[in-house]
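Written out below as structure tokens is the structure these notes cover.
Chains as they are written, first to last, in the numbering used here: chain U, 5 to 260; chain V, 50 to 353.
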């Protein structure tokens, strides 16, 4: 088994390289999605900043993993490889949309402040005035339309990235090395959760806790995060594939 | 073909999710977890010693994921040795809530002890009166999460292992509770000493309300306050998330053909568009209702 692993043709087989690339792309998409999701961090919980009042990593991971749950249920009942990706993506977006909408209800009816951004004079999409509605000593509150739209894009991309990782590792385990579906789904989901957290944290450090979406100046720092997460995801991809061949295949009796 | 048993189970999941979201938010309020914790932490440093319970085990999603995964693992163990599933879920939830209460105790005492240099006392009665409600709310949350996971795993045949589904749902309920319910706690409940109708000025950070109509406030008062708006909003949001994401693939099940999967995606997109439009309506309503920000004699408040 070990000899086979060090055989260049085994290691560089088409499916292994494809899975590695898909994990890489999935990781980069997750990192990209975090930049789109409007997050106000702890200040937003005191209505001091625009966006959802939680941590960057937390909401991105919460949404992405909700998508993963839906993608997992779809992958069990269909052989179509594209459906889990898109249903995961839509579910993730749905979770973000419900969260942003409900948080806005709390901002308006609970705290009594309108939805505004403190960083722009006018909303990019609706062209509404923003600066006159901002409370003194804050940078805006709630999720206005431009940030909401940005959040939806973030949810779609993040859910797609997470589902892509899940489906590609699932495919590697079930189709290439022949592990049972239940075991493969568990392993693929665990890897997907891990990749989600790795890349969300990278993106979170890059944007420094708060971002209003694609309208924010911090969005321009995105290429740095993409570069770092591509390295992290590449390492993660290698570890994942090595784990499959070194530990899971001998334990479960795969192809070797 | 719509299966009514499945719809019934989805309804049950939605109800359980609503309770889970509600209790999760109250659990975070009674222990001052998550983002508003920064204010409770800051208060003694700006000479405002308080009688609040101050725990921040970690971010809410991770904390809830941990308790849910522990509960699910223990419950799985008991079902494995042929305990009835309901008893197993209860036993799992008890173990998880005890673990959570222990973490809450350690977190609170550690945090308050570190603030001794700012003259913040460590009240034994605060620990005694808060630790049991924390455990109770954690029990309810974990039990609901485990029940949802159990239905998803064994009735709706989800491929993920039972503890993994619980872990994901724990992360999900935590992130929703942290995004929605905590805003009401942080921006309104903790700052009742400032007029209603504005975001909290960053210069007032740490100046949280400490005195009530009668006596000194504790987290029990905030739990009562938040149980009327923040917690129900969290419960409804979590319920809607869990229900809608499973409902679209249950009504149009991809098992019946790819076209049904595509219809499920279209249905999801329709929901998202609806929420986008509703959000816009809400934004316009708020701008008209509140008007531009104006300072009043009392300080930072919008004069409606």
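The beta-carbon is built from N, C-alpha and C at its ideal position, and this holds for glycine as well.
A direct Cα-to-Cα measurement between residue 237/U and residue 108/U gives close to 34 Å. A residue is called buried when at least 16 other Cβ atoms come within 10 angstroms of its Cβ; residue 344/V does not meet this threshold and is exposed. What residue 329/V touches in chain U, judged by beta-carbon distance under 7 Å, is 149, going in chain order.
Take the alpha-carbon of residue 130/V and the one of residue 85/U: they are about 37 Å apart. By the rule that beta-carbons nearer than 9 Å mark a contact, residue 219/U does not touch chain V. For residue 140/U, the neighbours in chain V by C-beta distance under 8 Å run, in chain order, 247, 250, 342, 344 and 349. In the displayed model, residue 107/V falls within coil according to three-state DSSP, outside both helix and strand. Between residue 257/V and residue 78/V a beta carbon distance of about 13 Å is seen, past the 8 Å cut, so the two are scored as non-contacting. For the 9 Å CB-CB criterion, residue 174/U and residue 188/U form a contact.
Considered as a whole, the region 90-116 of chain U harbours no complete run of any alpha helix (DSSP H) with no fewer than 4 residues. DSSP places residue 163/U in the uninterrupted alpha helix (DSSP H) bounded by 149-175.
Going by C-alpha positions, residue 214/V is about 17 Å away from residue 63/U. Between the region 199-214 of chain U and the region 35-50 of chain U there are three or more inter-stretch CB-CB distances shorter than 8 Å, so the stretches are counted as touching. Residue 105/V sits close to residue 160/V, with the two beta carbons spaced by under 9 Å. Assignment of residue 144/U by DSSP, reduced to helix, strand and coil, places it in the strand class. Measuring C-alpha to C-alpha distances from residue 182/U to each of 255/U, 167/U, 164/U and 229/U identifies 255/U as the nearest. Leaving aside the five residues that flank residue 82/U on each side, none in its chain has a CB nearer than 6 Å to its CB. The straight-line gap separating the alpha-carbon atoms of residue 239/V and residue 79/U is approximately 45 Å. Taken through DSSP and simplified to helix, strand or coil, residue 313/V comes out as helix. Proximity to residue 121/U across 19/U, 235/U and 52/U peaks at 52/U, based on C-alpha coordinates. The Cβ-Cβ distance between residue 111/U and residue 232/V falls below 9 Å.
Taking every protein chain shown into account, the CB of residue 134/U has 16 or more other CB atoms within 10 angstroms, so this residue is buried. Following the DSSP letters along the chain, one finds residue 215/U in no alpha helix (DSSP H), marked with neither H nor E. Under the 9 Å criterion on CB atoms, residue 121/U is classed as non-interfacial with respect to chain V. Non-local beta-carbon contacts of residue 204/U in its own chain, meaning distances under 6 Å to residues more than five positions away in sequence, involve 38, 61, 64 and 65 in chain order.
Counting C-beta atoms within 10 angstroms of its own C-beta, residue 203/V has fewer than 16 neighbours from the protein chains shown and is therefore classed as exposed.
Every alpha helix (DSSP H) stretch that sits fully inside the region 102-175 of chain V and reaches 4 residues is listed by chain position as 109-129 and 134-163. For the region 91-117 of chain U, the set of residues with a beta-carbon nearer than 8 Å to any beta-carbon of chain V comprises 91, 94, 95, 97, 98, 99, 101, 102, 103, 104, 105, 106, 107, 108, 109, 110, 111, 112, 113, 114, 115, 116 and 117, in chain order. Beyond the five residues adjoining it in sequence on each side, residue 55/V comes within less than 6 Å, by CB distance, of 299 in the same chain, given in chain order. Secondary structure of residue 338/V (DSSP, three-state): helix. Residue 260/V is bridged by DSSP to 265/V. A contact is defined here as three or more CB-CB pairs under 8 Å, and the region 302-318 of chain V fails this definition with respect to the region 133-147 of chain U.
Remark: C-beta atoms of residue 118/U and residue 329/V do not approach each other more closely than 9 Å.
Contact between residue 68/U and residue 214/U does not hold, since the beta-carbon distance rounds to 19 Å and is not under 8 Å. DSSP lists no bridge partner for residue 177/V. Apart from sequence neighbours up to five positions away, the residues of its chain that approach residue 156/U with a beta-carbon distance below 8 Å are 97, 100 and 101, ordered along the chain.
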